[in-house]
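Worksheet: the structure to be examined is printed underneath.
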Amino acid sequence: MSDALIFKVEGIAGHPGQKRGFSGVQHVHVSVLDSAVDDEMAVTGTFTGTVDGVEAAFTVTAPVDLTCTRCLTQWTESLEVTGSQYFSRTPDEDGYAIVDGTVDMSGPATDELALAIPLAPLCKPDCKGLCPICGTDLNTDPCDGHPDDSDSPFASLKDLFDP
Ligand SMILES: [Zn+2]
Ligand SMILES: [Zn+2]
Numbered sequence: 023m024s025d026a027l028i029f030k031v032e033g034i035a036g037h038p039g040q041k042r043g044f045s046g047v048q049h050v051h052v053s054v055l056d057s058a059v060d061d062e063m064a065v066t067g068t069f070t071g072t073v074d075g076v077e078a079a080f081t082v083t084a085p086v087d088l089t090c091t092r093c094l095t096q097w098t099e100s101l102e103v104t105g106s107q108y109f110s111r112t113p114d115e116d117g118y119a120i121v122d123g124t125v126d127m128s129g130p131a132t133d134e135l136a137l138a139i140p141l142a143p144l145c146k147p148d149c150k151g152l153c154p155i156c157g158t159d160l161n162t163d164p165c166d167g168h169p170d171d172s173d174s175p176f177a178s179l180k181d182l183f184d185p
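Shown next, in the form of structure tokens:
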């Protein structure tokens, strides 16, 4: 493991079929809504040479901090995503290219990580969430309701349906 994600591709780029493995780690901060990765991401993969460049196939792993959208529980789990990126001497639409005989995998790896971060994570598929009136976590403590709470936004609705 190197402590950066810049790798030499001399001897591979422009040499079809040549392969070389690579691995490295780098700190990354990327967040989507309430989910975030703010830690080291580990990137491993293989470069394969082509006529005018190099194809990188890679796997990124990083811890992602998640917040349940229903009950607000926070936890961290490992996120693992795979991707590929082609590099030639001409920059692509994202600006990725072979520069001075090296490629920088941090951009492509961060891109894949950002796409894989869950937008609406749930602590479990059937999370019951929080009581909208008292905030009780309904997963651990079933709320019996609030019959005496006339300040509740639902109290007036209840009156409508009472005979
Ligand atoms: Zn939950
Ligand atoms: Zn309640």
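The opening position of the sequence shown corresponds to residue 23 in this note's numbering, with each subsequent residue numbered one higher.
Don't be surprised by glycine CBs; every beta carbon is placed ideally from N, CA and C.
These numbers were taken from a predicted model, which means no experiment stands behind them.
Distance between beta carbons of residue j and residue i, contact taken as under 8 Å
| i | j | result |
| --- | --- | --- |
| Glu134 | Val86 | Wrong, their Cβ atoms sit about 13 Å apart, outside the cutoff. |
| Ala131 | Val73 | No, Ala131 and Val73 are not in contact; Cβ-Cβ is about 25 Å, not under 8 Å. |
| Leu152 | Asp159 | 6 Å |
| Lys30 | Gly123 | 6 Å |
| Glu120 | Gly75 | Rather than Glu, the amino acid found at residue 120 in this sequence is Ile. That pair is a contact at about 6 Å. |
Residue i - containing beta strand (DSSP E), residue span
| i | result |
| --- | --- |
| Glu99 | Gln96 to Ser110 |
| Val52 | Lys41 to Val54 |
| Ala58 | Ser57 to Gly71 |
| Thr81 | Gly75 to Thr89 |
| Ile28 | Ile28 to Lys30 |
For residue i, the first and last residue of its enclosing alpha helix (DSSP H)
| i | result |
| --- | --- |
| Asp133 | Ser128 to Ala138 |
Below-7 Å beta-carbon distance, residue i vs any chain C residue
| i | result |
| --- | --- |
| Pro154 | This model lacks chain C altogether; it includes just one protein chain. |
Selection from the options that minimises the alpha carbon distance to residue i
| i | options | result |
| --- | --- | --- |
| Leu101 | Thr70, Asp126, Ala136 and Thr95 | Ala136 |
| Ala78 | Thr132, Lys41, Asp122 and Pro164 | Lys41 |
| Pro147 | Val125, Asp122, Cys90 and Asp159 | Cys90 |
| Gly39 | Asp166, Gly71 and Phe80 | Gly71 |
| Ser57 | Phe80, Ala84 and Gly36 | Ala84 |
| Cys145 | Gln48, Val52 and Cys93 | Cys93 |
| Gly129 | His37, Ala35, Gly43 and Val52 | Val52 |
Where residue i falls, given that 16 or more other Cβ within 10 Å makes a residue buried
| i | result |
| --- | --- |
| Cys156 | exposed |
| Ile139 | buried |
| Tyr108 | exposed |
| Leu88 | buried |
| Gly67 | buried |
| Gly46 | buried |
Can you list every residue whose CB sits closer than 7 Å to some heavy atom of ligand 1, going in chain order? Cys90, Arg92, Cys93, Thr95, Leu144, Cys145, Lys146, Cys149, Gly151 and Asn161
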